[in-house]
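Chemist:
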Amino acid sequence: MTPEADRPRRSALYMPATNARAIAKARTLACDVVILDLEDAVAPDMKTAARHAAADAVRAGGFGSRELVVRVNAPDTPWGADDLAMVADARPDAVLLPKVRAAAELGAVAAPVPLWVMVETPAAALAIAGIAAVPGVAALVLGLNDLAEATGIHPGADRLPFQPLMLQAVLAARAHGVAVLDGVTNAIDDPALFAAEAAQARRFGFDGKTLIHPSQVAPCNAAFSPSPEEIARAMRIVAAFDDPAAADRGAIRVGGEMVERLHLARARRTLAQRP
Ligand SMILES: CC(C)(COP(=O)(O)OP(=O)(O)OC[C@H]1O[C@@H](n2cnc3c(N)ncnc32)[C@H](O)[C@@H]1OP(=O)(O)O)[C@@H](O)C(=O)NCCC(=O)NCCSC(=O)C[C@H](O)C(=O)O
Ligand SMILES: [Mg+2]
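Per full-length UniProt numbering, the sequence shown starts with residue 1, numbered consecutively.
#1: Among Ala232, Arg261, Val259, which one has its Cα closest to the Cα of Thr270?
#2: Of all residues in the structure, which have a C-beta closer than 5 Å to any heavy atom of ligand 2, taken in chain order?
#3: Looking at the strands, I want to know which residues DSSP matches up with Ser11.
#4: If you run the structure through DSSP and keep just helix, strand and coil, what is Val137?
#5: Could you check how far apart the C-beta atoms of Val238 and Arg268 are, in whole angstroms? I think they sit under 8 Å.
#6: Can you give the Cα-Cα distance for Met1 and Ser65, rounded to whole angstroms?
#7: Nearest by alpha-carbon distance to Asp76: which of Ala54, Val58, Glu39 is it?
#8: For Val109, does the three-state DSSP call read helix, strand or coil?
#9: Taking only three categories from DSSP, how would you classify Arg261?
#10: Give me the Cα-Cα distance between Phe206 and Arg9, rounded to the nearest whole angstrom.
#11: Could you name the residues of the same chain whose beta carbon sits closer than 7 Å to that of residue 289, not counting the 5 residues immediately before and after it, in chain order?
#12: For a quick check, are the C-beta atoms of Val119 and Ala169 less than 8 Å apart?
#13: Should the stretch 133–144 be regarded as contacting the stretch 90–98, the criterion being three or more beta carbon pairs within less than 8 Å?
#14: Is Ile153 helix, strand or coil by DSSP?
#15: Measuring CB to CB, does Leu106 end up less than 8 Å from Val70?
#16: Cα-Cα, which of Ala245, Thr48, Pro44, Val34 is closest to Gly61?
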């Protein structure tokens, strides 16, 4: 069985828990993670219905190997406590907490499932390493819509103003052994922008990206899977170190580049991630 930390999390698709058709469709989509949203995708009048629908969906199952996550409302909202009680009862694979501001808030969240944390407030962005270090935290998820709103940032196509945070998020996640997912691309009908953002996130080292529409799943999985060239290079590295002549060598030449045993470990991971 794949260890928890090594689960593929290339594509994490949000949907409002009130949208039964979307939940039914999610059971057939190739996304690695399904996120049932009780928070910003659900209108205040629908919060209770959404909570019941999410509980029913978790209990009904049928999501196969997809990881099932519920995004609750923040604990300081009128719905947060009931949402967390539902999670404690229904037991999705993880709970995603929005609007977190500090690591200290997480200690008060008594969730019997792994905690995923939205990084979407300026305070959380500044406290990201401490948040990643909290026991029970299993993933960081960027919420760049909220962060843009809270800061006045205009991200632009290259997301330049967010790039320092993207790096900090990956460093914090790697330092503490948690997963890290990029934010969403709102422009559903702009596949070129989506591809550019997904490629950028992979280049920064993210495990995957959060999504809002089924049309984003396939390009996202492709962006976060090793390319044919990466697979071919990884095979060359593994073959070179398998050669008995390399048995007592730490560094060798492969295809015109210096390769060390640390590259061998990465090559093996690349081959393990082959689609
Ligand atoms: C964005 C949408 C409102 C667009 O809806 P619509 O135009 O109705 O979609 P389509 O007609 O293209 O849908 C075609 C079929 O696909 C299904 N569908 C649509 N979206 C999803 C989905 N997210 N998951 C699963 N299935 C989906 C439709 O049901 C149609 O199916 P069928 O009828 O059987 O053919 C809509 O896509 C949507 O609601 N998206 C998710 C919105 C959401 O969850 N937002 C919250 C998370 S984003 C966020 O908050 C980020 C963060 O916090 C931050 O701060 O940045
Ligand atoms: Mg948000």
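Cβ atoms here follow ideal geometry from the backbone N, Cα and C, with glycine treated the same way.
Modeler: Let me spell this out:
#1: Ala232
#2: Glu120, Gly143, Asp146
#3: Lys209
#4: strand
#5: 7 Å
#6: Residue confidence is low: Met1 scores 41 on pLDDT, short of 50, so the model does not pin down where it sits. Its coordinate-derived value is still stated next. Answer to the nearest angstrom: the Cα atoms are 11 Å apart.
#7: Glu39
#8: coil
#9: helix
#10: 9 Å
#11: In the structure displayed, the chain extends from 1 to 275; residue 289 sits before or after that span and is not available.
#12: yes
#13: yes
#14: coil
#15: no
#16: Val34
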